[in-house]
């Protein structure tokens, strides 16, 4: 019973974070802000959903593998956002820096 | 009740395929195609085909997408970019579309009239214990229909030979290109993990979903990442021996089994697992390097301008100039 | 509507859409993508046909696995031909 409530709660949080990331992807004005929204929000959402699945499996090895998968997705997605952010065209990056100061 | 999941997956697949096919810009089409491949991999899991799901995600979405992106990038250096415009006249596309819709309707209608048959599942399950492995897909690929797999490895090898025959300028590793330090930094994590994951998939393919093709695709992915980070070791690693060992071992196994048991690729009794594992290992290594070379042809040219800098180098010099 | 009939119809629709795009689009890369999507539609049809409650038929799985590898080989060769066609006419700018 408690397990079901916890699972539903975690799934709800995960869906909320994914929705927030997608809205950020659509609504943010710039490549770098979109990358920020996508990486941060989607990874937290994945953590919630992976946790929700992990507490429902009988075998603890599967839960461990799910957590390791989440760590791997975290590292690869941050790498990818760094690679994309490096290739943002220079006028866009400069304008962002000037707007912040 | 669970049909909702399949309906949503199927709807999203069709929508993304439509975006991929009818987008104006080529880059959008290619990116939608990669996402489409990932969703199709999900569909394979829903249909109970985990082997095909892994292979589709690695080869169908990953490697094909990388090939398309690399070719698109290289074509941009060759000529002025052209947009994908629709044909001017409407009559021919309209008639072709009507014909294809008729074809689709015929196909869909024929499913509901078809006689349901059990297929070959019972036959495979009966003979599975004698095949030496317990994963039915691996048994079919490497024991029951091993001749087809031999021809498939030969097709891969011939494709590589045909592409070499085209005499396109390509480099195994691009020199004089500065690659991102993030990419070089993550290599220490990604490459060993990929090697272990590939080896695990290769070994576990006899009882769980996995096998030679999935392992070869993951190893090819590791090689592609190393190429993008300009690892010079690839010069020494990539040689013709590793490319041909898959086909060579397979043909050797065919001849040896013919000499031992009298028919081609009929493994001697109780030795099947050993033969299958040997063939799979050689095939996986070969597949990895052939797929890597196919990527190199699309991606890299020999003539490169020295020391192309990336944005963070420019920002560093900018900071030095400002202070 | 059962699981496999959903994917039967999806595969057929993918094949039809890919065929339309193959005819309509003029750019060769778009056409290659259309051929690949047609191939995926055929694979979906195969594997939906193999789906049965209980024992799934493994022979179509093996055939589709072979098909995926052959499709990527054909795509790579087509892309190389495309590169060769353009490289034969124009010179490549250094990257």
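Protein chains in written order, with our numbering: chain A, -2 to 98; chain B, 14 to 336; chain C, 0 to 94. Beta carbons are placed, not taken as given, at the ideal position from N, Cα and C, and that holds for glycine.
- By the CB criterion at 7 Å, residue 154 of chain B and residue 54 of chain C fall outside the cutoff.
- Residue state for residue 59 of chain B is assigned as helix, using DSSP reduced to three classes.
- Residue 190 of chain B carries a strand assignment under DSSP once its states are collapsed to helix, strand and coil.
- CA-CA distance, residue 59 of chain A to residue 19 of chain B, rounds to 25 Å.
- Under the 10 Å beta carbon count, residue 89 of chain C is surrounded by fewer than 16 other beta carbons and is classified as exposed.
- Proximity to residue 200 of chain B across B:185, B:243 and B:179 peaks at B:243, based on C-alpha coordinates.
- Excluding residues up to 5 positions away in sequence, nothing lies with its Cβ nearer than 6 Å to the Cβ of residue 221 of chain B in the same chain.
- Shown here, residue 30 of chain C sits in a helix according to DSSP, grouped into three states.
- Taking 7 Å as the upper bound on Cβ-Cβ separation, chain B lies near residues 72, 76, 79, 80, 83, 84, 85 and 87 of the segment 58 to 89 of chain A.
- Measuring C-alpha to C-alpha distances from residue 157 of chain B to each of B:136, B:60 and B:176 identifies B:136 as the nearest.
- DSSP places residue 24 of chain C within a strand segment (E or B) once states are collapsed to three.
- About 5 Å separates the Cβ atoms of residue 176 of chain B and residue 79 of chain C, confirming a contact at the 8 Å cut-off.
- By the Cβ test, the segment 218 to 234 of chain B is in contact with the segment 296 to 308 of chain B, since at least three Cβ pairs between them sit closer than 8 Å.
- Rounded to the nearest whole angstrom, the CA to CA distance from residue 85 of chain C to residue 27 of chain C is 12 Å.
- In this structure, the alpha-carbon of residue 303 of chain B lies about 32 Å from that of residue 35 of chain B.
- With fewer than 16 other Cβ atoms inside 10 Å of its own Cβ, residue 20 of chain A counts as exposed.
- Taking CB atoms only, residue 21 of chain B has no neighbour in chain A less than 7 Å away.
- Taking a contact to require three or more Cβ pairs closer than 8 Å, the segment 63 to 74 of chain C and the segment 39 to 52 of chain C qualify as touching.
- The beta-carbon of residue 192 of chain B is placed no less than 7 Å from the nearest beta-carbon of chain A.
- By the criterion of at least three beta-carbon pairs nearer than 8 Å, the segment 231 to 245 of chain B is not in contact with the segment 256 to 272 of chain B.
- When C-beta distances to chain A are compared with 7 Å, every residue of the segment 25 to 53 of chain B stays at or above that value.
- Here the segment 15 to 34 of chain B does not lie against the segment 43 to 53 of chain A, with fewer than 3 beta-carbon pairs under 8 Å apart.
- The alpha-carbon separation between residue 38 of chain C and residue 64 of chain B amounts to approximately 18 Å.
- Residue state for residue 252 of chain B is assigned as coil, using DSSP reduced to three classes.
- Under the Cβ criterion of 7 Å, residue 13 of chain C is counted among the residues facing chain B.
- Setting aside the 5 residues that flank it on each side, residue 210 of chain B is surrounded in the same chain by 231, each with a C-beta closer than 7 Å to its C-beta; the list follows chain order.
- In the three-state scheme derived from DSSP, where H, G and I count as helix and E and B as strand, residue 50 of chain C is classed as coil.
- The contact set of residue 196 of chain B on chain A, defined by CB atoms closer than 8 Å, consists of 76 and 80 in chain order.
- Taking 7 Å as the cut-off between beta carbons, the residues of the segment 60 to 76 of chain C near chain B are 60, 61, 63, 64, 65, 67, 68, 69, 71, 72, 74, 75 and 76, in sequence order.
- The C-beta of residue 67 of chain B comes no closer than 7 Å to any C-beta of chain A.
- Residue 1 of chain A: member of the alpha helix (DSSP H) spanning -1 to 24, first to last residue.
- Contacts between residue 181 of chain B and chain C, judged by CB atoms closer than 8 Å, involve 79, 82, 83 and 86 in chain order.
- Taking a C-beta distance under 7 Å as the contact criterion, residue 49 of chain A and residue 8 of chain A qualify as a contact pair.
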